[in-house]
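One structure below.
In this note's numbering, the protein residues as written are 153 to 519.
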């Protein structure tokens, strides 16, 4: 029996106020993490500089930030590297060095899964936090599973390199959960068959099929049910973390919104200090308190709101213990965390976790 599941990437990025439905597809710039350095090492600073100029964007400067670029910028950059370096296999050179571990919060969220099956499910369900216009699909037929990625940039100049890079990233997902000597049955690429397939088969260490409908990794379906050989991530990461990093706070155009963004950063590192917040905002503690009072709130209230929101996310989105969550949020003892949580929500952390939850949704920062 053939079983298939398809997920379309929702258009989660607001490009401009009045964006039309035909807005160009975008992708997280983290998809290019490490590519510029590889180009520099392989072809020199001059080729990299020329490619940046052609793309009209210094991708290297922002590649570790959770922001978005047009997919045309990505393909254009790679095409220019090919032209300047005279190397038709840029994608194959880059593919082995690409990894989901460099994909920011979204990559962390996917790789925080306990099993390969769950990681794939997370990737499919939340692809819209990584790109728009793309979609992913899984299918199983007679014991062979297929994970497919349909790129919005297919057919564009330079896309052959994107297709190879996509395969490389997908393989990195599998290798995060499977033995180091694992190899796929074969890889499918949605590009025309080249004169020689040997370069591709050497790069992916398996047979490669061309002229496919998508970039696909084909593998033994039994691997979906097996335990992970190693756990790729020990961080507590929820879908709200991804939403926050990829969409940004609800508002950064006012002082309160900036303060809340700073508090979130502190809470995520287990802290929450008015002194460090004032220092980060280049103001005094007194001035900070006055500004917040003018907005009808105070620092302690905002910290409590952010901590409670974060606690809810961890209780609903992870299997972390109450003690682990308490430590994560910077409380001196689990009892103090439980007391503060009950005061804010009217429920003990254990009781809140038992409540039924709905589907994954993006939540706004408290404003």
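Note that CB positions come from ideal geometry on N, CA and C, so glycine has one too.
Looking only at its chain, what residues have a beta carbon closer than 8 angstroms to the beta carbon of residue i, apart from the 5 residues adjacent to it on each side?
i, result
"residue 315", "243, 303, 306, 341, 342, 343 and 367"
"residue 296", "337, 370, 371, 372 and 373"
"residue 467", "477, 501, 504 and 505"
"residue 430", "436, 437, 439 and 440"
"residue 447", "407 and 408"
"residue 286", "161, 177, 179, 279, 301, 302, 303 and 304"
"residue 428", "418"
Do residue i and residue j have their CB atoms nearer than 8 angstroms?
i, j, result
"residue 414", "residue 433", "yes"
"residue 371", "residue 336", "yes"
"residue 458", "residue 497", "no"
"residue 261", "residue 394", "yes"
"residue 253", "residue 329", "no"
"residue 218", "residue 257", "yes"
"residue 234", "residue 206", "no"
"residue 481", "residue 410", "no"
"residue 236", "residue 194", "no"
Taking the C-alpha atoms as reference points, what is the distance between residue i and residue j?
i, j, result
"residue 500", "residue 223", "46 angstroms"
"residue 437", "residue 255", "36 angstroms"
"residue 435", "residue 407", "12 angstroms"
"residue 184", "residue 279", "16 angstroms"
"residue 186", "residue 251", "9 angstroms"
"residue 462", "residue 470", "11 angstroms"
"residue 353", "residue 359", "6 angstroms"
"residue 339", "residue 214", "31 angstroms"
"residue 228", "residue 473", "47 angstroms"
"residue 495", "residue 396", "25 angstroms"
"residue 196", "residue 245", "15 angstroms"
"residue 349", "residue 355", "10 angstroms"
"residue 333", "residue 209", "38 angstroms"
"residue 493", "residue 507", "15 angstroms"
"residue 345", "residue 325", "25 angstroms"
"residue 211", "residue 313", "16 angstroms"
"residue 488", "residue 351", "60 angstroms"
"residue 331", "residue 216", "28 angstroms"
"residue 277", "residue 442", "43 angstroms"
"residue 311", "residue 449", "51 angstroms"
Report all residues from its chain with a CB closer than 6 angstroms to the CB of residue i; omit the five preceding and five following residues, and keep chain order.
i, result
"residue 189", "none"
"residue 426", "437 and 451"
"residue 465", "390 and 392"
"residue 475", "486"
"residue 174", "Summary for residue 174: the model assigns pLDDT 43, below 50, so the residue's position carries little reliability, and this model does not support an answer."
"residue 274", "262 and 265"
"residue 288", "159, 276, 279 and 301"
Quick one: grab the DSSP three-state call for residue i.
i, result
"residue 362", "coil"
"residue 503", "helix"
"residue 297", "strand"
"residue 289", "strand"
"residue 427", "helix"
"residue 343", "coil"
"residue 436", "coil"
"residue 338", "strand"
"residue 445", "helix"
"residue 219", "coil"
"residue 372", "strand"
"residue 324", "helix"
"residue 397", "helix"
"residue 389", "coil"
"residue 478", "helix"
"residue 348", "coil"
"residue 180", "strand"
"residue 283", "strand"
Take residue i as the anchor and find which of the options has the nearest alpha-carbon.
i, options, result
"residue 284", "447, 177 and 482", "177"
"residue 317", "450, 288, 467 and 226", "226"
"residue 375", "447, 249, 392 and 299", "299"
"residue 391", "212, 282 and 487", "282"
"residue 491", "471, 465 and 456", "456"
"residue 292", "258, 444 and 377", "377"
"residue 319", "481, 210 and 357", "357"
"residue 270", "286, 257 and 290", "290"
"residue 365", "308, 495, 182 and 301", "301"
"residue 422", "479, 275 and 494", "479"
"residue 321", "272, 221 and 349", "272"
"residue 347", "428, 276, 416 and 241", "241"
"residue 182", "221, 202, 201 and 197", "221"
"residue 398", "449, 194, 259 and 198", "259"
"residue 248", "327, 276, 204 and 349", "327"
"residue 309", "196, 197, 230 and 201", "230"
Who are the near neighbours of residue i in its chain, counting only those whose CB is closer than 7 angstroms to its CB and skipping five residues on each side?
i, result
"residue 199", "191, 233, 236 and 237"
Residue i CB to nearest chain D CB: under 8 angstroms?
i, result
"residue 480", "In the structure shown, chain D does not exist; there is a single protein chain."
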